[in-house]
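Engineer: For reference, the structure I am asking about is given below.
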Amino acid sequence: MDITVYNIGNYVVNNYILQTPLGIIAIDTGYPGDADRFLQRFQKRWPLSELKYIFLTHHHDDHAGFLGTLLSQCDAKVVLHPAALAPLRTGKSEEPPGAGYSSWPASLFSKFKKEFSFPPVDLGDRAIVLNGEEDQLFEQLGLPLHILYLPGHTADSIGLLCTQSGDLFCGDAAMNAIISVARHTIWIEDPVAFGQSWDKMLAVSPRKLYPSHGSPFWPRDLVKYRHFLDHRKLIPPAK
Numbered sequence: 018m019d020i021t022v023y024n025i026g027n028y029v030v031n032n033y034i035l036q037t038p039l040g041i042i043a044i045d046t047g048y049p050g051d052a053d054r055f056l057q058r059f060q061k062r063w064p065l066s067e068l069k070y071i072f073l074t075h076h077h078d079d080h081a082g083f084l085g086t087l088l089s090q091c092d093a094k095v096v097l098h099p100a101a102l103a104p105l106r107t108g109k110s111e112e113p114p115g116a117g118y119s120s121w122p123a124s125l126f127s128k129f130k131k132e133f134s135f136p137p138v139d140l141g142d143r144a145i146v147l148n149g150e151e152d153q154l155f156e157q158l159g160l161p162l163h164i165l166y167l168p169g170h171t172a173d174s175i176g177l178l179c180t181q182s183g184d185l186f187c188g189d190a191a192m193n194a195i196i197s198v199a200r201h202t203i204w205i206e207d208p209v210a211f212g213q214s215w216d217k218m219l220a221v222s223p224r225k226l227y228p229s230h231g232s233p234f235w236p237r238d239l240v241k242y243r244h245f246l247d248h249r250k251l252i253p254p255a256k
């Protein structure tokens, strides 16, 4: 089954769209308030009735910010990790003990962005909650899309590997934005798990990685920068 990839996002957040024979899969949404831009760009190519699934890589405000608005205008189901359900209901990004910024440049993010909340979403029967990494919804539907658990940035982080092309949509399990250093996402909850997720991504031999922030990059970058994650000390957020 051929899958065509589009990016209808902006400089800050990528909005990857997978056009498949079974309909459209959107990977994440974006910040609160960006729904109109997304809908305008989406509907230039497809009717909203074609949107069948929203694959939520994790619950943060830049990924689930206008999820509720989008769901109110379509019939899509949301594929997500079970740990995403609680923060979606509260509309607040979680900040577990020990979490922090991956570098001093990354910590500057907290200087100008203080609010990380988003409109709460109770998915109800719109949720397709994964029961574990063995729960491969898309492969069961006949699509060459393999779900990976990629914790570290958050406990609910997941990614999507197109086994046909080798393209890996990794959410924030890696990053290629100006503010990130060495392909590390700016915020990490668990540096050990984050490094293990890099090992997992390398183990599936992706052709290319498609992060939610920044341009796609080659997997050799993960090899190059992997050692920076060993014994990583995080910078706590400013209070």
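Under our numbering, the residues of the sequence shown are numbered 18 to 256, in order.
Just so it is clear, CB atoms sit at the ideal spot from N, CA and C, and this is done for glycine as well.
Predicted model only: the values in this text are computed from it and were never measured.
Would you mind sorting Thr107 into buried or exposed? The rule is 16 or more other CB atoms within 10 Å of its CB.
Structural biologist: Counting Cβ neighbours within 10 Å, Thr107 comes out exposed, since fewer than 16 surround it.
Engineer: Could you tell me whether the Cβ atoms of Gly169 and Pro223 are closer together than 8 Å?
Structural biologist: For Gly169 and Pro223, no; Cβs fall outside 8 Å.
Engineer: Using the Cβ count rule (16 or more neighbours within 10 Å means buried), how would you classify Asp45?
Structural biologist: Under this definition Asp45 is a buried residue.
Engineer: Under 8 Å, with one C-beta from each stretch per pair, do the stretch 112-123 and the stretch 199-210 reach the 3-pair mark?
Structural biologist: Contact holds: three or more Cβ-Cβ distances are below 8 Å.
Engineer: Assuming His163 is part of the beta strand (DSSP E), what are its boundary residues?
Structural biologist: Element bounds for His163: 162-166.
Engineer: Helix, strand or coil: how does DSSP classify Ser214 here?
Structural biologist: In the structure shown, Ser214 sits in a helix (DSSP, three-state: H, G or I).
Engineer: Would you tell me roughly how many angstroms separate the C-alpha atoms of Lys241 and Ser66, rounded to the nearest one?
Structural biologist: Cα to Cα, the separation comes out at about 43 Å.
Engineer: Would you tell me roughly how many angstroms separate the C-alpha atoms of Met18 and Ile42, rounded to the nearest one?
Structural biologist: Met18 and Ile42: Cα-Cα distance of roughly 14 Å.
Engineer: Using the Cβ count rule (16 or more neighbours within 10 Å means buried), how would you classify Leu148?
Structural biologist: Reading off the sequence shown, one finds Asn at residue 148, where the question assumed Leu. Asn148 comes out exposed.
Engineer: Using CA atoms only, rank isn't needed, just tell me which of Asn31, Asn27, Asp51 is closest to Phe186.
Structural biologist: Closest by alpha carbon: Asn31.
Engineer: Measuring alpha carbon to alpha carbon, tell me which of Gln157, Ser197, Ser214 ends up nearest Ala123.
Structural biologist: Ala123 has its Cα closest to that of Ser197, out of Gln157, Ser197, Ser214.
Engineer: Relative to the C-alpha of Arg143, which residue among Leu84, Leu160, Phe133 is closest?
Structural biologist: Nearest option by C-alpha distance: Leu84.
Engineer: Which first and last residues belong to the alpha helix (DSSP H) in which Ser154 is found?
Structural biologist: Before going on, a small fix: residue 154 reads as Leu here, not Ser. Per DSSP, Leu154 belongs to the alpha helix (DSSP H) from 154-157.
Engineer: Beta-carbon within less than 7 Å of Pro49's beta-carbon, same chain only, minus the 5 sequence neighbours each way: which residues are those?
Structural biologist: Counting only Cβ-Cβ distances below 7 Å, and skipping sequence neighbours, we find Asp78, Gly82, Phe83, Phe135, Pro136.
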